[in-house]
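Quick notes on the structure that follows.
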Amino acid sequence: MFRLFHYRNRCIGCNACVEIAFQRWRMSKKDGKAVLLGALEKKGIYQITLDDDELPENIQAMEACPVKVIQIIH
Ligand code: SF4
């Protein structure tokens with residue numbers, strides 16, 4: 212299990228996370244930012260606990276994010 216965080220306010224909607232980890236990320240048509248599917252929002256930070264089978268692609272997404280708004284605690 213790992214915990215995945217999205218500091219959505221600072222997301223610039225570059226689409227990198229969606230391309231890399233499509234089963235967990237989508238682009239919002241409303242505001243053009245990424246959406247972390249299934250996440251709960253707490254003080255502007257979206258977060259979810261996931262099984263390790265989703266870890267590799269989300270590490271890649273974290274590393275690809277140009278503004279570093281994806282974080283993982285594992
Ligand atoms: S990679 Fe980062 S900046 Fe780009 S859409 Fe995903 S969360 Fe937003």
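Per the working numbering, the sequence shown starts with residue 212, numbered consecutively. Note that beta-carbon positions come from the ideal geometry of N, C-alpha and C, so glycine has one too. Bear in mind the structure is a predicted one, so any value in this text is a computation, not a measurement.
Where D223 sits in the DSSP three-state scheme: Correcting the residue type first, residue 223 is Ile in the shown sequence and not Asp. If DSSP states are grouped into helix, strand and coil, I223 belongs with coil.
To the nearest angstrom, report how far apart I223 and Q271 are at their CA atoms. 17 Å
Helix, strand or coil at A232 [DSSP, three-state]: coil
C-beta contact flag for L266 and I259 at 8 Å: no
Rounded C-beta distance between M212 and L261? I'm assuming under 8 Å. 7 Å
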